[in-house]
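Trainee: Please read through the structure below; I'll follow up with questions.
Protein chains: 2
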Amino acid sequence: MNSFTNRIPDAAVRRFSLYLRYLEDFERSGIRNVASGVLAERGGTTAAQVRKDLSFLGSFGKRGLGYSVAELTGVLRGVLGLDSVWRVALLGAGRIGTALFRYEPFRARGFHITTVIDNDPGKIGTRLGDVTIRGEHELESALQDDRTDLVIVAVPAAVAQALVDRVVAAGIRAVLNYAPTQLRLPGDVALRNVSMMVELESLSHALARLRR
Amino acid sequence: MNSFTNRIPDAAVRRFSLYLRYLEDFERSGIRNVASGVLAERGGTTAAQVRKDLSFLGSFGKRGLGYSVAELTGVLRGVLGLDSVWRVALLGAGRIGTALFRYEPFRARGFHITTVIDNDPGKIGTRLGDVTIRGEHELESALQDDRTDLVIVAVPAAVAQALVDRVVAAGIRAVLNYAPTQLRLPGDVALRNVSMMVELESLSHALARLRR
DNA sequence: TCCTGTTTGTGAAACTGTTCACAAGTGGAA
DNA sequence: TTCCACTTGTGAACAGTTTCACAAACAGGA
Chain H
168 MNSFTNRIPD AAVRRFSLYL RYLEDFERSG IRNVASGVLA ERGGTTAAQV
218 RKDLSFLGSF GKRGLGYSVA ELTGVLRGVL GLDSVWRVAL LGAGRIGTAL
268 FRYEPFRARG FHITTVIDND PGKIGTRLGD VTIRGEHELE SALQDDRTDL
318 VIVAVPAAVA QALVDRVVAA GIRAVLNYAP TQLRLPGDVA LRNVSMMVEL
368 ESLSHALARL RR
Chain Z
168 MNSFTNRIPD AAVRRFSLYL RYLEDFERSG IRNVASGVLA ERGGTTAAQV
218 RKDLSFLGSF GKRGLGYSVA ELTGVLRGVL GLDSVWRVAL LGAGRIGTAL
268 FRYEPFRARG FHITTVIDND PGKIGTRLGD VTIRGEHELE SALQDDRTDL
318 VIVAVPAAVA QALVDRVVAA GIRAVLNYAP TQLRLPGDVA LRNVSMMVEL
368 ESLSHALARL RR
């Protein structure tokens, strides 16, 4: 009975992404209904967790039956903002930036990389896929012209903060950061960090403990 | 006064990685002591958080002065298991795998990618940097021969689980997963997932809320 | 219609992580 | 030596998240 008016816990939102992925698998397999326990088993969590998560969105499961795959898929797409196209700018066309650019599932989910910025003179003017790489000096105009919603940062740590300050000043409200540095930005800008070093080191911590 | 015998919260361990990064910057700048507030400001957290985190490791700050950069660096390296070399196998030499392989900071931190596995016949036998790519059928022998500590999964979701089952059976106890699927594995195997879709979708959720 | 087996939705309890607030050290100046 | 400005370490309060447990709803069969 918990409705849209309330804020949804961040931990739950992240699981929604996973649930949606599994529901799409089920949909492809022609499965029409799915119980919380099935979704839980697939996602490495518990049935109670799944039900609690979904209860933040309202209540549209059928007792005794489970959830309609089609309906739940639709609701999750809506909540995750996947019912519209998001225009994405990629800052940095190095190895990581290029790998991200070519990652197909982005486009399938409605994330269109329409802008690529790099400061290497050898790259400016060349194409990455169907996008022409532009120089850093064009950042603001590119973000504006392309009506960018969201920025992915894949530049060296040393230049990331300065670039992001400009991005925020240009009105962008969502940043996905791959640079190995903690960006500081206003509270009303959504930021997510992805760091392979942090994950790796948390693993080596676990391993080191095991060894003792 | 909290000593090594206790388990350290996962959230704290992940912040240790960040603290260490900043401490290394400070060390390079010749700064010898650092207060919790300074570390906090750099890492986008609070002074109390920093002190609480560090208290899990013992107590070696000096009241009125802060922490010795050199000492703290050493302690964090130890806790994160960075005082030895870890031998890493990379499964999947596609775009993401290749980008990971070439990511220099790994090696600097003591993570040596000694094994690369791919099932593309066109790639088997070719080299990636100084490592020869081997076929999937050699997985077990490669892990054994190279005395692998840790495995990075960068293969398509469809084949990830089967491959990881073999990896676990071969005795590996730490897995870093880039495949967009939730791997199921025994409780005594440490697993970390890195998913750009989850992060992106959590951003688009935030944006979609903003729009309402 | 009634019974049975299944599954949801949700308060309450348990747990985990974060923030607060302050006594207790510390170095340096007077 | 005494004082002062500063900073740690840590219980306690608080906030957020997960798990538990069970009444209520439903489908299908007898």
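Protein chains in written order, with the numbering used here: chain H, 168 to 379; chain Z, 168 to 379. Note that CB positions come from ideal geometry on N, CA and C, so glycine has one too. Quick caveat, the model's predicted, so the values are computed rather than measured.
If you draw a straight line from the C-alpha of N360(H) to the C-alpha of Y186(Z), how long is it?
Mentor: So the alpha carbons of these two residues sit roughly 15 Å apart.
Trainee: What is the residue span of the alpha helix (DSSP H) that H372(Z) lies within?
Mentor: From DSSP, the alpha helix (DSSP H) with H372(Z) extends over M363 to R378.
Trainee: Just the chain Z side, please: which residues come within less than 9 Å of G248(H) by C-beta, in chain order?
Mentor: E368, L370, S371, H372, A373, L374, A375, R376 and R378, listed in chain order.
Trainee: If you run the structure through DSSP and keep just helix, strand and coil, what is I300(H)?
Mentor: Reduced to three states, the DSSP call for I300(H) is strand.
Trainee: Cα separation between F227(H) and V246(H)?
Mentor: If you take the alpha carbons of F227(H) and V246(H), they lie about 14 Å apart.
Trainee: State the start and end residues of the unbroken beta strand (DSSP E) segment that holds A256(H).
Mentor: Per DSSP, A256(H) belongs to the beta strand (DSSP E) from W253 to L258.
Trainee: Distance, Cα to Cα, P272(Z) vs N344(Z)?
Mentor: The alpha-carbon atoms of P272(Z) and N344(Z) are separated by roughly 18 Å.
Trainee: Check whether the segment 191–202 of chain H touches the segment 232–246 of chain H, taking contact to mean three or more Cβ pairs, one atom from each stretch, closer than 8 Å.
Mentor: Judged by Cβ distances under 8 Å, the segment 191–202 of chain H makes contact with the segment 232–246 of chain H, as three or more pairs qualify.
Trainee: So is I155(H) in contact with chain Z if we call contact Cβ pairs under 9 Å?
Mentor: Given a span of 168 to 379 for chain H in the structure shown, any question on residue 155(H) remains unanswerable.
Trainee: Answer yes or no: does any C-beta atom of chain Z fall closer than 9 Å to that of Y234(H)?
Mentor: By this cut-off, Y234(H) is not an interface position.
Trainee: Decide yes or no for the touch test of the segment 255–265 of chain H against the segment 218–227 of chain H: beta carbon pairs closer than 8 Å, at least 3 of them.
Mentor: The segment 255–265 of chain H, when compared against the segment 218–227 of chain H, does not touch it at the 8 Å Cβ threshold.
Trainee: Spatial neighbours of A327(Z) within its chain, please: C-beta separation below 6 Å, excluding the five flanking residues on both sides.
Mentor: Excluding residues within five positions, the ones whose Cβ falls inside 6 Å are V320, A346 and T348.
Trainee: Here's the rule I'm using: 16 or more other beta-carbon atoms within 10 Å means buried, otherwise exposed. How should T172(Z) be labelled?
Mentor: Any reading at T172(Z) must be qualified, since the residue scores a pLDDT of 49, below 50, and its modelled position is unreliable; no value is offered.
Trainee: Output yes if chain Z places a C-beta closer than 9 Å to the C-beta of I263(H); else output no.
Mentor: Yes, I263(H) lies at the interface with chain Z (some Cβ there is under 9 Å from its Cβ).
Trainee: Report the start-end ranges of each alpha helix (DSSP H) in the segment 262–301 of chain H that is 4 residues or longer and not cut off at the edges.
Mentor: Segments of the alpha helix (DSSP H) lying fully in the segment 262–301 of chain H: 262–268 and 272–275.
Trainee: In angstroms, rounded to a whole number, what distance separates the CA positions of M168(Z) and G302(H)?
Mentor: Bear in mind that the predicted position of M168(Z) carries a pLDDT of just 44, short of 50, making it too unreliable to give a figure here.
Trainee: Taking 6 Å as the limit between beta carbons, can you name the residues of its chain near V356(Z), skipping five residues before and five after?
Mentor: Hits under 6 Å: V335 and R340.
Trainee: Once you ignore the five residues that flank S170(Z) on each side, which residues in its own chain have a CB closer than 7 Å to its CB?
Mentor: Residue confidence is low: S170(Z) scores 43 on pLDDT, short of 50, so the model does not pin down where it sits. Its coordinate-derived value is still stated next. Excluding sequence neighbours, S170(Z) sits near G225.
Trainee: If A256(H) sits next to I284(H), beta carbons under 8 Å apart, how far is it from one beta carbon to the other, in whole angstroms?
Mentor: Contact flag correct, Cβ pair sits at about 7 Å.
Trainee: Residues of chain Z with CB under 8 Å from A256(H), in chain order?
Mentor: Under the 8 Å cutoff, chain Z gives no residues; its nearest Cβ is about 13 Å from A256(H).
Trainee: Along chain Z, which residues have their Cβ under 8 Å away from the Cβ of L267(H)?
Mentor: What L267(H) touches in chain Z: M363.
Trainee: Work out the CA separation of A275(Z) and V242(H) for me, nearest whole Å.
Mentor: Going by the C-alpha atoms only, they are around 45 Å apart.
Trainee: Suppose you measure from the CA of H304(Z) to the CA of A325(H); what does that come to, to the nearest Å?
Mentor: Rounded to whole angstroms, H304(Z) to A325(H) spans 42 Å at the Cα level.
Trainee: So what's L221(Z) in DSSP terms, helix, strand or just coil?
Mentor: The answer is helix: DSSP assigns L221(Z) an H, G or I state.
Trainee: Write down the C-beta distance between G210(H) and R182(H) rounded to the nearest angstrom, noting that I regard them as a contact closer than 8 Å.
Mentor: Contact holds; Cβ gap of about 7 Å.
Trainee: Given that a residue counts as buried once 16 or more other Cβ atoms are within 10 Å of its Cβ, and exposed if not, what is V252(Z)?
Mentor: It is exposed - the Cβ of V252(Z) has fewer than 16 other Cβ atoms within 10 Å.
Trainee: S196(H): buried (16+ other C-beta within 10 angstroms of its C-beta) or exposed?
Mentor: S196(H) is exposed by the Cβ-count criterion.
Trainee: Could you check whether the Cβ of P323(H) sits closer than 9 Å to any Cβ belonging to chain Z?
Mentor: Answer no: the Cβ-Cβ gap between P323(H) and chain Z never drops below 9 Å.
Trainee: Verify whether the separation of the beta carbon atoms of D250(H) and G277(H) is less than 9 Å.
Mentor: The answer is yes: Cβ separation under 9 Å.
Trainee: Using a Cβ-Cβ cutoff of less than 8 Å, which residues in the same chain neighbour E194(H) once the five nearest sequence positions on both sides are dropped?
Mentor: Here the set comprises V236, A237 and T240.
Trainee: E307(Z) and A337(Z): beta carbons closer than 9 Å?
Mentor: A contact, by the Cβ cut-off of 9 Å.
Trainee: State the Cα-Cα distance for the pair G354(Z) and N286(H), rounded to the nearest angstrom.
Mentor: Each residue's alpha carbon lies about 46 Å from the other.
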